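Residue numbers (our numbering), protein chains in the order written: chain A, 4 to 146; chain B, 4 to 146. Even for Gly, the Cβ is constructed at its ideal location relative to N, Cα and C. In this text the structure is predicted, and so the values were computed from the model without any measurement. Okay, structure first, notes after.
Number of protein chains: 2
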Amino acid sequence: MIPGRLTVVTLGAYDVPALRAFYESLGWTSNTPGGDEFAAFPLGGAVFTLYRMDLLAEESHSPMPPRGAWRAVTLAINVEREEMVAEAIDAARAAGAQIRAEPVKRDWGGVSAYFADPEGNVWEVAWLPDSRFDERGALIWPY
Amino acid sequence: MIPGRLTVVTLGAYDVPALRAFYESLGWTSNTPGGDEFAAFPLGGAVFTLYRMDLLAEESHSPMPPRGAWRAVTLAINVEREEMVAEAIDAARAAGAQIRAEPVKRDWGGVSAYFADPEGNVWEVAWLPDSRFDERGALIWPY
Numbered sequence: 004m005i006p007g008r009l010t011v012v013t014l015g016a017y018d019v020p021a022l023r024a025f026y027e028s029l030g031w032t033s034n035t036p037g038g039d040e041f042a043a044f045p046l047g048g049a050v051f052t053l054y055r056m057d058l059l060a061e062e063s064h065s066p067m068p069p070r071g072a073w074r075a076v077t078l079a080i081n082v083e084r085e086e087m088v089a090e091a092i093d094a095a096r097a098a099g100a101q102i103r104a105e106p107v108k109r110d111w112g113g114v115s116a117y118f119a120d121p122e123g124n125v126w127e128v129a130w131l132p133d134s135r136f137d138e139r140g141a142l143i144w145p146y
Numbered sequence: 004m005i006p007g008r009l010t011v012v013t014l015g016a017y018d019v020p021a022l023r024a025f026y027e028s029l030g031w032t033s034n035t036p037g038g039d040e041f042a043a044f045p046l047g048g049a050v051f052t053l054y055r056m057d058l059l060a061e062e063s064h065s066p067m068p069p070r071g072a073w074r075a076v077t078l079a080i081n082v083e084r085e086e087m088v089a090e091a092i093d094a095a096r097a098a099g100a101q102i103r104a105e106p107v108k109r110d111w112g113g114v115s116a117y118f119a120d121p122e123g124n125v126w127e128v129a130w131l132p133d134s135r136f137d138e139r140g141a142l143i144w145p146y
């Protein structure tokens, strides 16, 4: 039996201190001790961590990907109000993120935009009409 | 300002129905309408979704990765008891997952194992001593 939960998302990082500094510049707090191997950011209902690429590859018996390759994964930050998408993208731009897509209306009924961190990991900022959140900021999936 | 939350994790999928079937065979429930473009699994404090690779690449202005390439990302399922790691890995094996690493004690103090889905996305099943969870199954980060 496999519990239906997604507790931690870990990105392999080539430069953990640099990526950690980028995410701290977004206003996020890493409350783990410093170091060049690992950083953790509790983000609402899930924990977001950075782990040195070679260590993650070794531990998971996976080959290291080419630096800069897209990982075919997006991590989303859902927000309460439509205008918060643009506000978040402006904040990401100010922090040095690469903006991949400015806020636009999507076929699925909401508004979203994308930015990438300095190693090419892609985040979406998304607004859905009538979305609700629990007290930790986790999205209450309506379906 | 960028809210510190990670609400949705989306994997680009080459074959959404096949991957959806794999995750349903783990005992997880996708409560979205069927279709070959999208599937969503609410997993505790975060929502896990599959989205057709070309659509995700287009929406996020990212190049499609080679099929089968590792994404340098791991998604974790934290469990309450040490023996649940082996139980989950056995269940994943029975569902046809590729086991990347059998359960072993890790330098960071816990036990973990890794499996990959049919498109090579890597999951970790992890146990940490004294870990606690909220009522949705989200890990309460202790630090």
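Query: Starting from P68/A, find everything on chain B with Cβ-Cβ shorter than 9 Å and list it in chain order.; Result: P68, A72, W73, R74, A75
Query: According to DSSP, is R103/B part of a helix, a strand, or is it coil?; Result: strand
Query: Can you check DSSP and say which residues form a bridge with E127/A?; Result: A79/A, Y117/A
Query: Straight-line CA distance for V125/B to M56/A?; Result: 14 Å
Query: What did DSSP end up calling Y26/A once you bin it into helix, strand or coil?; Result: helix
Query: So, using beta-carbon positions, are T13/B and Y54/B closer together than 8 Å?; Result: yes
Query: Under a Cβ-count criterion, where at least 16 other Cβ atoms within 10 Å of its own Cβ denotes burial, should P66/A be classed as buried or exposed?; Result: exposed
Query: For P20/B, which of helix, strand or coil comes out of DSSP?; Result: helix
Query: Indicate whether at least one CB of chain A lies closer than 8 Å to the CB of A42/B.; Result: no
Query: Compute the Euclidean distance between the alpha carbons of G112/B and T35/B, then round it to the nearest angstrom.; Result: 38 Å
Query: Got a sec, what are the start and stop residues for the beta strand (DSSP E) R55/B sits in?; Result: 49-55
Query: According to DSSP, is L46/A helix, strand or coil?; Result: strand
Query: Measure the C-alpha to C-alpha separation of N81/A and P106/A and round it to an integer number of angstroms.; Result: 13 Å
Query: Rounded to whole angstroms, what's the CA-CA distance from G153/B to G99/A? Just pull it up for me.; Result: In the structure as shown, chain B starts at 4 and stops at 146, and residue 153/B therefore has no counterpart that could be examined.
Query: State the Cα-Cα distance for the pair G48/B and P6/A, rounded to the nearest angstrom.; Result: 13 Å
Query: Bridge partners of L142/B, per DSSP?; Result: F136/B
Query: Quick one: using the 10 Å Cβ neighbour count with 16 as the cut-off for buried, is D120/A buried or exposed?; Result: buried
Query: Between W31/A and M87/A, how many whole angstroms is the CB-CB distance? I'm expecting something under 8 Å.; Result: The pair is not a contact, with the Cβ atoms about 16 Å apart (cut-off 8 Å).
Query: For chain A, find out if any of its Cβ atoms is closer than 8 Å to the Cβ of F51/B; answer yes or no.; Result: yes
Query: Compute the Euclidean distance between the alpha carbons of V50/A and A141/A, then round it to the nearest angstrom.; Result: 11 Å
Query: Can you give me the Cβ contacts of T52/A inside the same chain, cut-off strictly under 8 Å, excluding the 5 residues immediately before and after it?; Result: V11, V12, T13, L14, F41, A42, A43, F44
Query: Looking at the C-beta of A97/B, does it have a partner C-beta in chain A at a distance below 8 Å?; Result: no
Query: Does L59/A come out as helix, strand or coil in the three-state DSSP assignment?; Result: helix
Query: Do you know how far the Cα of V19/B is from the Cα of L29/B?; Result: 16 Å
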